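To start, the structure under review is shown below, and the notes come after it.
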Amino acid sequence: MNRTQTFIFLCLLPTLLLVFGFTYFPILKGISVAFQNYSLFNLTDVHFVGLQNFRTVLAGDQFKTILKNTALWVIISLVLQFVIGFCLALLMRKSFRGRGVYQGFVFYSWALSGFLIGIIWRWLFNGQIGVINDLLLKFGLITERIGFLSDPKWAMFSVIVANVWYGVAFFAIMLLAALQSVPSELYEAAEIDGASRFNQLFHVTIPYIMPTIISTTALRVIWIFNFPDLIYGMTNGGPAGSTHILTTYMLDKIVFSGDYGQASAIGIICIAILALFTTFYLFATRAEKAGDF
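The following block contains the structure:
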């Protein structure tokens, strides 16, 4: 190693140490804790227990319901966020009066924190003073107030609605940028060939922006999966655990049970699920560069 390489290494060393200290060390520590009987209420008896934490978590009465909730939370939220966000991006692509104001309203939700959005929607869905109940009663759609957040039949639906509202802005922003990059010559050529607007959408627009669609949906799946903030703000996982997903369940183990061993085991399960999803998703899509269609 010459002097230049040594100098570069020494300059990078503080950053590398910070990255290791704040990223890789916690991951490695979390993995080791997952195989230990690590309880906040009994720190004097921490010892290696092998796969016992994983067995306890997987055999838990709630685990199947939590897995189902997580799947519903991710899939329904992703599909609705993408569809609505794509439609909004198509509308905002055109020039019209007040377009900037319209874009500001659409992008507003992305500027707020997840927990704050949870608090706002908890008030909107409130069974006694909530605006949503008031509107439904006013228009005669219901005859009595619904406990959206206190009724297990409605609770998961309610948090998904709030999550869809929050995530639409991300897809609208990213897809609008992608739509604006599509060359106008492609649409002109399609029109000359007699393609309708519908055909242009599916044979020109979507194929051209497919790399953006693939990358944004992959990112959004990861973010939705790891997004307990909104649920904690709205229901704290209730009622009776009906809105728990894997990440809120993991936080519950830390905050209320003090069981860092089981919480770390759930964290590793989450990492494994996301790693499998990302690998298969990217392999199945194998996106080409924009315009390869």
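Its first residue numbered 1, the sequence shown is counted upward by one per residue in full-length UniProt numbering.
All residues carry an ideal CB built from backbone N, CA and C; glycine is no exception.
Since this is a predicted model, take the numbers as computed values, not measurements.
Around the C-beta of R197, fewer than 16 other C-beta atoms lie within 10 Å, and the residue is accordingly described as exposed. Between V131 and I224, the C-beta gap is not smaller than 8 Å, which leaves the two residues out of contact. Here the alpha carbon of I84 sits roughly 22 Å from the alpha carbon of L116. Judged by their CB atoms, L175 and F105 are not nearer to each other than the 8 Å cut-off. For Y249, the enclosing alpha helix (DSSP H) covers residues 246-255. Residue environment: R220 is assigned as buried (16 or more neighbouring CB atoms within 10 Å of its CB, all protein chains considered). A178 is classed as buried because its beta carbon has at least 16 other beta carbons within 10 Å across all chains shown. Across the structure, I173 and V204 are spaced so that their CA atoms are roughly 20 Å apart.
Take the alpha-carbon of I206 and the one of Q200: they are about 9 Å apart. Secondary structure at Q128: coil, using DSSP grouped into helix, strand and coil. The segment 210-245 contains, as complete alpha helix (DSSP H) runs of 4+ residues, the segments 229-234 (chain order). Excluding five sequence positions before and after I268, the CB atoms of its chain that fall closer than 7 Å to its own CB belong to I31, A34, given in chain order.
For the 8 Å CB-CB criterion, T235 and C270 do not form a contact. Rounded to the nearest angstrom, the gap between the Cα atoms of H244 and N69 is 7 Å. Under the three-state reduction of DSSP output, F277 falls in the helix class.
If you draw a 10 Å sphere on the C-beta of L28, you find fewer than 16 other C-beta atoms in it, and that means exposed. In terms of Cβ geometry, F125 and F139 do not form a close pair [threshold 8 Å]. S264 counts as buried, since at least 16 other C-beta atoms from the protein chains shown sit within 10 angstroms of its C-beta.
Judged by their CB atoms, G60 and Y232 are not nearer to each other than the 8 Å cut-off. Put simply, the backbone Cα of E144 is about 20 Å away from that of M156. It is roughly 8 Å from the alpha-carbon of I254 to the alpha-carbon of L40.
Under DSSP, D259 forms a beta bridge with S39.
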